[in-house]
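Here is the structure we will look at.
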Amino acid sequence: MVAAVARRPVSHQQAEASEFETDVLEGLHAIPKHVPAKYFYDGAGSRLFERITELPEYYPTRCEISILREHAADIAKMIPSGAALVEFGSGSSKKARILLDGAAPRLAAYIPVDICGEMIEQEAAELRPDFPQLKVLPVTADICKPFELPKEARDAPARVGFFPGSTIGNFEPHEASAFLRNAANILRHGATLIIGVDLIKSADILNAAYNDADGITAQFNLNLLTRINRELGGTFRLDTFEHHAFYNRERHRIEMHLASLKRQKVKVAGDTIDFRTGETIHTENSYKYSIESLAALARGVGWLPAGAWTDSRKYFSIQTFLLAGDLPEFVGLR
Ligand code: AVI
944 MVAAVARRPV
954 SHQQAEASEF
964 ETDVLEGLHA
974 IPKHVPAKYF
984 YDGAGSRLFE
994 RITELPEYYP
1004 TRCEISILRE
1014 HAADIAKMIP
1024 SGAALVEFGS
1034 GSSKKARILL
1044 DGAAPRLAAY
1054 IPVDICGEMI
1064 EQEAAELRPD
1074 FPQLKVLPVT
1084 ADICKPFELP
1094 KEARDAPARV
1104 GFFPGSTIGN
1114 FEPHEASAFL
1124 RNAANILRHG
1134 ATLIIGVDLI
1144 KSADILNAAY
1154 NDADGITAQF
1164 NLNLLTRINR
1174 ELGGTFRLDT
1184 FEHHAFYNRE
1194 RHRIEMHLAS
1204 LKRQKVKVAG
1214 DTIDFRTGET
1224 IHTENSYKYS
1234 IESLAALARG
1244 VGWLPAGAWT
1254 DSRKYFSIQT
1264 FLLAGDLPEF
1274 VGLR
């Protein structure tokens, strides 16, 4: 006989909490040890990331905003009249505002999509008074998984995806391909995609951006251990781990790690984890692309390069892609 099990509905938060535990334990028992970078962003982590974006060494945010401002008119030309603008992982919508300043009157709707429903609802409430004619229709979803757009976006003559911040660089290349494929399935035929991507450059500039003099990136990295201690009953002593970040030239990526300063045992969710002196937890990869290497990745899943712009030092890029249909002339840099 099969016993009947009364199933209680699992809340989104409960599901996320157990996924956190599973991912952390799996990663800490693996060789080499690792924890997914998405877990950086609890309240304190998100505030520390905001501070990173203002650091003198961390150029990406400033460069991206300068490109968006300088080339706003050209970028806006990639947004057809009546289109719906879908921002993937929108967070604060700060960069979308630059596009909306020019394009809002021509848009059917703006759809910010983020896993954190509370944050995008709040952002939407702040955007509406500034763009009273624009339909702002937030969607709470994981941008790496299939999700349905609101009817206004499905019925629009075209959909334009916006994925700023070089967040694509925090995906492994196969995950970046999967994201681009998922975006194509969601935005469908005739869509445009506008992506902000950090570019390959000298190791000195990259190393400085992830090893700031004020130690904010170190705090951001170590905050992951604070989160594990708080949410998973961890016993990490933060003064026994050190922030390491370096550019891996072969793989075109910044790697962030937390290195154990001594041999030690740490408890997490009842499990014991052994560390050797110098052993690290790999916490983040931040891949850097060239215009060509991102184009190759995008082409592989059906997106055709349509435009690219950089800042004057060629540190960062905004690149646009079209899903199918007639190709207009490539604009901006080659
Ligand atoms: C969010 N992401 C694009 C940042 C980056 O540069 O990879 C996260 C970050 N990690 C350390 N500093 C900033």
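If you count the sequence shown from 1, position 166 lands on 1109 in the numbering used here, and the numbers rise without skipping. Cβ atoms here follow ideal geometry from the backbone N, Cα and C, with glycine treated the same way.
- Closer than 8 Å to some heavy atom of the ligand AVI: that does not describe the Cβ of N1166.
- In this chain, the beta strand (DSSP E) harbouring H1225 covers 1223 to 1230.
- The residues S1203, L1204, K1205, Q1207, in chain order, have a CB closer than 7 Å to that of T1183 in the same chain once the five nearest residues on each side in sequence are set aside.
- Shown here, A1251 sits in a strand according to DSSP, grouped into three states.
- Unbroken alpha helix (DSSP H) stretches of 4 residues or longer found wholly inside the region 1127 to 1208: 1146 to 1152, 1159 to 1175, given in chain order.
- Taking non-hydrogen atoms of the ligand AVI into account, the C-beta of Y1153 is found less than 8 Å away from one of them.
- The three-state reading of DSSP puts K1210 in strand, counting E and B together.
- Between the alpha carbons of H1200 and I995 lies a gap of roughly 17 Å.
- Sequence-distant partners of A1188 (beyond 5 residues in either direction) whose C-beta falls short of 8 Å from its own C-beta, in its chain, are N1150, Y1153, N1154, T1160, N1164, I1197, E1198, M1199, H1200.
- Residue side-chain check: F1259 keeps its Cβ at 8 Å or more from all non-hydrogen atoms of the ligand AVI.
- For L1042, the enclosing alpha helix (DSSP H) stretches over residues 1037 to 1046.
- Here the distance from the Cβ of D1254 to the nearest heavy atom of the ligand AVI is not below 8 Å.
- Judged by DSSP in its simplified three-state form, F1218 adopts strand.
- Between the alpha carbons of R1005 and G1139 lies a gap of roughly 12 Å.
- Between the alpha carbons of E1095 and I1058 lies a distance of about 21 Å.
- Taking each of D1157, L1070, D1214 in turn and checking the Cα distance to H972, the smallest one comes out for D1214.
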